[in-house]
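Numbering (numbering that gives the first Met the number 0), first residue to last: 0 to 182. Positions of the beta carbon are idealized from the N, C-alpha and C atoms, including for glycine. Remarks on the structure that follows.
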Amino acid sequence: MADIDGYHEQLQRDAQFLCSDQRMDTELIDRLVLQLNRIYPQILSDKEAHRFRKLSVPTKVRLVELLKHLYVQGEEACHEFYRGLHIHAEDVYSSLPSRVKERELADSSWTNSVTVHPERYVLNDRGPVFFLSCLSFVVGIAMLYYYKEGETPRCTGLFLHCSAARLSKGAKDVFISYAKVGK
């Protein structure tokens, strides 16, 4: 958005927001004026800086005059004002209407370019703990099976009968028949 319109037009659109925002207090305006004066004296001379820092003039009036002055100065002055606002008041800078609109455009273009692939297969909804417990069970059975080099240990028969309690009918039959053959 900054590339399309430029800071000059952005300042024109954001001026009303800046003048009505409570976060644009005297201290922030003074910091912005000092930065523009010290770093860019061609934008804001010493005489102009003193005028915008007079405490006898209300803050909102000084802000309006500063924005008008920067608008007249041109693109570079507006750009440096935005840079100073970004440095000294990130929350104000990020809530500017031009920044919000720019973020919305960026978000909408990003979401349009991303394709969402729904999950094709859901095997179960029990989660990783269930998977780990099943894996541990199978590893335990394998260790018991291979413990005596092909012979089924005597303790596995009882273990297989008890472990078949919560399995389906087909699995129970396999486990129980395995336990009987191993005896």
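Using three-state DSSP, classify residue i as helix, strand or coil.
i: G186; result: Because the chain in this structure spans residues 0 to 182, residue 186 falls outside the shown range and cannot be described.
i: Y146; result: coil
i: V56; result: coil
i: R61; result: helix
i: L95; result: coil
i: K125; result: In the sequence as displayed, the identity of residue 125 is Arg instead of Lys. It is coil, neither helix nor strand.
i: R102; result: helix
i: F130; result: helix
Can you give the Cα-Cα distance for residue i and residue j, rounded to whole angstroms?
i: Y144; j: V138; result: 10 Å
i: H85; j: Q11; result: 17 Å
i: S93; j: Y70; result: 20 Å
i: L134; j: A141; result: 11 Å
i: L35; j: P127; result: 58 Å
i: E74; j: S97; result: 16 Å
i: F51; j: D90; result: 23 Å
i: L17; j: E79; result: 16 Å
i: R37; j: D45; result: 9 Å
i: Y146; j: F136; result: 15 Å
i: E64; j: L104; result: 31 Å
i: L131; j: R125; result: 11 Å
Give the range of the alpha helix (DSSP H) segment to which residue i is assigned.
i: A76; result: 74 to 87
i: R30; result: 25 to 38
i: L10; result: 6 to 19
i: K185; result: The requested residue 185 is not part of the displayed model; the chain covers only 0 to 182.
What residue from the options has the CA that sits closest to residue i's CA?
i: K67; options: F129, L43, S97, G126; result: L43
i: S55; options: S19, R98, T25; result: T25
i: K59; options: M142, F136, Q21, L104; result: Q21
i: H87; options: L33, G73, A76; result: L33
i: Y6; options: I28, L62, L95; result: L95
i: R61; options: Q41, L104, S19; result: S19
i: P57; options: A14, I28, G73, S132; result: I28
i: Y39; options: R82, E64, R50, K53; result: R82
i: R30; options: E75, A14, E103, A48; result: A48
i: E8; options: M23, Y146, C77, D90; result: C77
i: D13; options: Q41, K53, Q72, K100; result: K100
i: Q72; options: Q41, Q15, F129; result: Q41
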